[in-house]
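*Asks:* Residue numbers (the working numbering): 15 to 463.
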Ligand SMILES: Nc1ncnc2c1ncn2[C@@H]1O[C@H](COP(=O)(O)OP(=O)(O)OP(=O)(O)O)[C@@H](O)[C@H]1O
Ligand SMILES: [Mg+2]
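#1: Going by DSSP, what residues sit across from residue 21 in a beta bridge?
#2: Does DSSP put residue 203 in a helix, a strand or coil?
#3: Buried or exposed: where does residue 329 fall if 16 or more other Cβ atoms within 10 Å of its Cβ makes it buried?
#4: Rounded to whole angstroms, what is the Cα-Cα separation between residue 105 and residue 93?
#5: When you compare each of 62, 232, 360 to residue 287 by their alpha carbons, which one comes out closest?
#6: To which residues of the same chain is residue 201 closer than 7 Å at the C-beta, ignoring the five residues directly before and after it?
#7: Could you say which of 180, 42, 347, 451 lies nearest to residue 131 if we only look at CA atoms?
#8: Report the residue from 351, 393, 332, 404 whose alpha carbon sits nearest the alpha carbon of residue 369.
#9: Since residue 472 is in the beta strand (DSSP E), which residue starts that stretch and which ends it?
#10: Output the boundary residues of the alpha helix (DSSP H) element that contains residue 173.
#11: Where DSSP assigns a beta bridge to residue 97, which residues make up the other side?
#12: Check each candidate in 259, 382, 318, 269 and name the one with the smallest Cα separation from residue 299.
#13: Taking just the CA atoms, how far does residue 149 sit from residue 276?
#14: If you draw a straight line from the alpha carbon of residue 438 to that of residue 446, how long is it in whole angstroms?
#15: What do you reckon, is the C-beta of residue 263 under 7 Å from a heavy atom of ligand 2?
#16: Expressed to the nearest angstrom, what Euclidean distance is found between the alpha-carbon atoms of residue 389 and residue 353?
#17: Please find out if some non-hydrogen atom of ligand 2 comes closer than 7 Å to the beta-carbon of residue 299.
#18: Checking the sheet assignment: what are the DSSP bridge partners for residue 399?
#19: Using the C-alpha atoms, what's the distance from residue 312 back to residue 404?
#20: Taking only three categories from DSSP, how would you classify residue 275?
#21: Of the residues 295, 290, 220, which one's Cα is nearest the Cα of residue 208?
#22: Please report the distance separating the alpha-carbon of residue 62 from that of residue 147.
#23: In three-state terms, what does DSSP make of residue 142?
#24: Relative to the C-alpha of residue 384, which candidate in 375, 372, 400, 234 has its C-alpha closest?
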């Protein structure tokens, strides 16, 4: 069906009038669905995509005011225009008060009818456009902190938009410093729960009993030192999102309790038998590979499957090197503002170190490196002497040559040599393999993150 055709629901018991209004509307290019009474009208409204309702006021069974009130409940975004031959100022005022968009006194001219309808539809598309823009802005706002243009990071952003509208449990995996917490926050911020709490529990930071108390709360006297009742994070996060960081570290006993919350949406405070219901979206993160933990029997398989409904895997920075310069710029802007400095960037030598370094600490390491350089610099341009020793020990490109410091791990030397040769061959792996005297297969294997 053509999307531009607007559908009008006409509610009119008088056959002659229904016929003539339908004719006028159809001649003007509208699609008309007509109902002879209010019940029929509401039925159509529930089932079809209606842009506007045009309803007579005086009808048997259910009059125009009833149609109006019910329509406002079923589809508040659809305007209602009331028509009547018994028009008095009072009924008009009453209809408008109940939320009618406008009022037409019978008999009305064709031009008046069409103008009123156009005005309403125009308003409706403005409202729609506005809602669409607001949604887009919300998405943009919540993702603007996630920097990167690589296909890998774009895929992560797509995943965030796809999963944010639901309440399903999400597992975020990735090395330390790849942005797991940032992504969890972005999901919450672009979800319908955005106005409710986003709470974080670092599961690795607490010993078992304290973690249980933190998550589920406790009653007075539940254990030594429990001098009064305390609510847990699950209660505080009600209707919001709970971010369980480093979930791979929790003990098997806590895993059982967590499983129960995920399965039944219920838990008990320590020292109590009363079940408490909660509506909490769980986002869990781990820098340990949980599948391996399951194999090693340190992580329950059933809990893993409950958590693993949707998994977002954050790529390490070394597998998306094109994002390094963008991230450096991003943090330079942040930290020069914070430190009231007008730093513009790194010089060429420093950039050559920064873009070839392997960044084992990922984005957090980039951030710390930039912060340190910005704080230390006296200049607007950051030089390589502001970089930590380990970064300056990474190999450096000089035209077609690489300077490799003594003592660099062979594996890293190999990776760098392969990567730089690939750059020279414009990504042609077969040619690069020939130059390096290895099989193309080896290149694929070595380049896996
Ligand atoms: N794509 C990104 N764009 C901008 N900043 C980022 C990005 N990813 C991470 N960061 C920043 O890097 C730092 C580390 O990120 P975060 O704390 O989310 O990592 P993590 O994966 O939770 O690490 P860990 O496993 O060590 O807890 C934060 O300051 C975060 O804002
Ligand atoms: Mg983290």
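By construction, the Cβ of each residue, glycine as well, lies at the ideal position given by its N, Cα and C atoms. Model, not experiment: these values are computed from the prediction.
*Replies:* Inspection of the coordinates gives the following:
#1: Taking the first residue of the chain shown as 1, we reach residue 21 at position 7. The partner list for residue 21 (beta bridge, DSSP) reads 45.
#2: In the chain shown, counting from the first residue as 1, residue 203 sits at position 189. The answer is helix: DSSP assigns residue 203 an H, G or I state.
#3: Sequence index remark: in the chain shown, residue 329 carries index 315 (1-based). Buried is the call here.
#4: Taking the chain shown and counting its residues from 1, the one referred to as residue 105 is at position 91. Taking the chain shown and counting its residues from 1, the one referred to as residue 93 is at position 79. The alpha-carbon atoms of residue 105 and residue 93 are separated by roughly 17 Å.
#5: In the chain shown, the residue the question calls residue 287 occupies position 273. Scanning 62, 232, 360 for the CA closest to the CA of residue 287 turns up 232.
#6: Working through the chain shown from its first residue, we reach residue 201 at position 187. Cβ neighbours of residue 201 beyond the five flanking positions: 174, 177, 178, 184, 297.
#7: Position 117 of the chain shown, counted from the first residue, corresponds to residue 131. Relative to the Cα of residue 131, the nearest Cα in the group 180, 42, 347, 451 belongs to 42.
#8: Here residue 369 is taken as the residue at index 355 of the chain shown, counted from 1. Among 351, 393, 332, 404, the Cα nearest to that of residue 369 belongs to 332.
#9: The structure shown does not extend to residue 472, since the chain is modelled only from 15 to 463, so the question has no answer here.
#10: Within the chain shown, residue 173 is the residue found at index 159, counting from 1. Counted as a single uninterrupted DSSP element, the alpha helix (DSSP H) harbouring residue 173 occupies residues 165-178.
#11: For this step, residue 97 is matched to residue 83 along the chain shown. Beta-bridge pairing links residue 97 to 70, 118.
#12: The residue labelled residue 299 in the question sits at position 285 within the chain shown. Just measuring C-alpha positions, the residue of 259, 382, 318, 269 sitting nearest residue 299 is 259.
#13: Mapped onto the chain shown, residue 276 falls at position 262. Mapped onto the chain shown, residue 149 falls at position 135. Their Cα atoms are separated by approximately 29 Å.
#14: By one-based count along the chain shown, residue 438 stands at place 424. By one-based count along the chain shown, residue 446 stands at place 432. Each residue's Cα considered, the two are about 8 Å apart.
#15: Within the chain shown, the letter at position 249 stands for residue 263. Short note on residue 263: C-beta not closer than 7 Å to any heavy atom of ligand 2.
#16: Along the chain shown, read from residue 1 onward, the residue named residue 389 stands at position 375. Along the chain shown, read from residue 1 onward, the residue named residue 353 stands at position 339. Distance between the alpha carbons of residue 389 and residue 353: 7 Å.
#17: Counted from its first residue, the chain shown places residue 299 at position 285. Yes, since a heavy atom of ligand 2 falls inside the 7 Å radius drawn around the Cβ of residue 299.
#18: In the chain shown, counting from the first residue as 1, residue 399 sits at position 385. Partner(s): none; residue 399 has no beta bridge.
#19: In the chain shown, counting from the first residue as 1, residue 404 sits at position 390. In the chain shown, counting from the first residue as 1, residue 312 sits at position 298. Each residue's Cα considered, the two are about 35 Å apart.
#20: Numbered from its first residue, the chain shown carries residue 275 at position 261. DSSP places residue 275 in helix when its eight states are reduced to three.
#21: Reading the chain shown from its first residue, position 194 is the one you call residue 208. Comparing Cα-Cα distances from residue 208 to each of 295, 290, 220, the minimum goes to 295.
#22: In the chain shown, counting from the first residue as 1, residue 62 sits at position 48. In the chain shown, counting from the first residue as 1, residue 147 sits at position 133. Residue 62 and residue 147: Cα-Cα distance of roughly 25 Å.
#23: Walking along the chain shown from the start, residue 142 turns up at place 128. In the structure shown, residue 142 sits in a helix (DSSP, three-state: H, G or I).
#24: The residue you call residue 384 lines up with position 370 of the chain shown. Nearest in C-alpha terms to residue 384, of all of 375, 372, 400, 234, is 400.
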